[in-house]
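Each remark here refers to the structure printed beneath this line.
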Amino acid sequence: MKILIVGPSWVGDMVMAQTLFQCLRQRHPQCEIDVLAPEWSRPILERMPEVRQALSFPLGHGVLELATRRRIGKSLAGQYDQAILLPNSLKSALVPFFAGIPKRTGWRGEFRYGLLNDVRTLDKERYPLMIERFMALAYEPGAELPKPYPRPSLQIDPASRDTALTKFDLALDRPVLALCPGAEFGESKRWPSEHYAKVAEAKIREGWQVWLFGSKNDHAVGEDIRSRLIPGLREESVNLSGATSLAEAIDLLSCADSVVSNDSGLMHVAAALNRPLVAVYGSTSPGFTPPLAEKVEIVRLGIECSPCFDRTCRFGHYNCLRQLAPQPVNEALERLQGAPVEVR
Numbered sequence: 000m001k002i003l004i005v006g007p008s009w010v011g012d013m014v015m016a017q018t019l020f021q022c023l024r025q026r027h028p029q030c031e032i033d034v035l036a037p038e039w040s041r042p043i044l045e046r047m048p049e050v051r052q053a054l055s056f057p058l059g060h061g062v063l064e065l066a067t068r069r070r071i072g073k074s075l076a077g078q079y080d081q082a083i084l085l086p087n088s089l090k091s092a093l094v095p096f097f098a099g100i101p102k103r104t105g106w107r108g109e110f111r112y113g114l115l116n117d118v119r120t121l122d123k124e125r126y127p128l129m130i131e132r133f134m135a136l137a138y139e140p141g142a143e144l145p146k147p148y149p150r151p152s153l154q155i156d157p158a159s160r161d162t163a164l165t166k167f168d169l170a171l172d173r174p175v176l177a178l179c180p181g182a183e184f185g186e187s188k189r190w191p192s193e194h195y196a197k198v199a200e201a202k203i204r205e206g207w208q209v210w211l212f213g214s215k216n217d218h219a220v221g222e223d224i225r226s227r228l229i230p231g232l233r234e235e236s237v238n239l240s241g242a243t244s245l246a247e248a249i250d251l252l253s254c255a256d257s258v259v260s261n262d263s264g265l266m267h268v269a270a271a272l273n274r275p276l277v278a279v280y281g282s283t284s285p286g287f288t289p290p291l292a293e294k295v296e297i298v299r300l301g302i303e304c305s306p307c308f309d310r311t312c313r314f315g316h317y318n319c320l321r322q323l324a325p326q327p328v329n330e331a332l333e334r335l336q337g338a339p340v341e342v343r
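In terms of numbering that gives the first Met the number 0, the sequence shown is residues 0 to 343.
Written out as structure tokens, the structure is:
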């Protein structure tokens, strides 16, 4: 059985999609899974053993380009028995339709009748978690999802990891605290730099080193955090934001002994690498897309106006994050540490 997955457009969602791939492999051990997704997602998909190949989708998020979608669909004709669509958009249904894939599965959304022929109606109360909504598409409508739920698990090639360590002149002679202070979603997910700096200072004084991760958009935030460290401590931190590729970031995150992250794509990457993780929540809720790992501490204030799921604070105060002091995060790190974590 050959299955084409139309993948999501966000890092965290792509990581969580592995739960669907795992369910498909449980149901159909010999199935071959290809994922049609943006090129940036290739490093994630290449680290998922369930995926045969990543197919690069050249169009950006929200772009229609009907002729291009038809061309891609025609190029895939006759290759797949089923397509499963993770986005709920009409656009995402066009390529499988043009490919003539016999069974085209997805949740009802954006008038996709005709484009899909296995249309599911989502019961949000039955499937409150995003992974449940992904996993359910592997089974017949109404089927019970098997428990315990699978967890995303990215596989790291030691040689690739060592190459990244050498490239950035990083050593594992001391424990590594990884900080992920960015969030593509918006300011309402970003714990303040001064709080991250306090956490970094505490761990450096304990003999740790600090690596900061993120995209090029997060580089300035990383520099702000480092600037708040006094000379002598600042030199024990390195800002990798915008310097690494996503593949290198994944490999280097796998070296971390602990991670502190906003609710972001890198939070889900760290969880899928099974790193001890403190996840800081403000405007969003762990009730829909929690990090899925063995050692996770979720820290949030839960003030009256959160979660609001807004990109910017409607009141302008961002108190759900600003009033969340470093101490509970430091305490969560202490609870997680226990025995030293081996790099795998």
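Ideal Cβ placement from N, Cα and C applies to all residues, glycine included.
Please read these numbers as outputs of a predicted model, since none were measured by experiment.
The beta carbon of Phe96 sits closer than 6 Å to those of Leu114, all from its chain and outside the five residues before and after it, given in chain order. Just so you know, the alpha carbons of Ser55 and Asn87 end up roughly 19 Å apart. Assignment of Trp106 by DSSP, reduced to helix, strand and coil, places it in the strand class. Counting along the chain, Arg160 sits inside the alpha helix (DSSP H) bounded by residues 157 to 166. Within the same chain, and ignoring the five residues on either side of Cys307 in sequence, the residues whose Cβ sits closer than 6 Å to its Cβ are Ser282. Counting along the chain, Pro325 sits inside the alpha helix (DSSP H) bounded by residues 325 to 336. Judged by DSSP in its simplified three-state form, Lys1 adopts strand. By the 16-neighbour rule on beta-carbons within 10 angstroms, Ala36 is buried.
Taking C-alpha positions only, Leu65 is separated from Ala98 by approximately 13 Å. Residue pairing by DSSP places Leu115 opposite Tyr112 in a beta bridge. In this structure, Asp262 lies near Lys188, with their beta-carbon atoms less than 7 Å apart. Of the residues Leu84, Ile155, Pro145, the one whose Cα lies closest to the Cα of Glu45 is Ile155.
Phe56 is bridged by DSSP to Pro37.
In this structure, Gly264 places its C-beta atom within 7 Å of the C-beta atom of Gly11.
Contact between Phe110 and Leu84 fails: their C-beta atoms lie close to 14 Å from each other, not under 8 Å. When C-beta atoms of the region 218 to 228 are compared with those of the region 246 to 255, fewer than three pairs fall below 8 Å, so the two segments do not count as touching. Taking a C-beta distance under 7 Å as the contact criterion, Ala292 and Ala278 do not qualify as a contact pair.
Inter-residue distance for Arg68 and Thr104 is about 18 Å (C-alpha atoms, whole angstroms). Here Ser91 carries a helix assignment [DSSP, helix/strand/coil]. The region 166 to 184 makes contact with the region 193 to 206, as at least three CB pairs between them are under 8 Å. DSSP places Gln21 in the uninterrupted alpha helix (DSSP H) bounded by 17 to 26. The region 19 to 28 and the region 136 to 153 touch, with three or more beta-carbon pairs separated by less than 8 Å. According to DSSP, residue pairing for Ile297 in a beta bridge involves Ala278.
For Ala177, no alpha helix (DSSP H) segment is defined; the enclosing uninterrupted segment is the beta strand (DSSP E) at 175 to 179.
In the three-state reduction of the DSSP assignment, Leu251 falls in the helix class. Nearest neighbour of Thr243 by Cα position, chosen from Val258, Thr120, Lys215, turns out to be Lys215. A buried status is given to Val94, since no fewer than 16 other beta-carbon atoms sit within 10 Å of its beta-carbon. For the 7 Å CB-CB criterion, Leu276 and Val258 form a contact.
In the three-state scheme derived from DSSP, where H, G and I count as helix and E and B as strand, Ile229 is classed as coil.
The same chain holds no residue with a CB closer than 8 Å to that of Glu234 once the five nearest residues on each side in sequence are set aside.
Secondary structure at Ile32: strand, using DSSP grouped into helix, strand and coil. In this structure, Ile4 places its C-beta atom within 7 Å of the C-beta atom of Val34.
Rounded to the nearest whole angstrom, the C-alpha separation of Pro191 and Arg321 is 6 Å.
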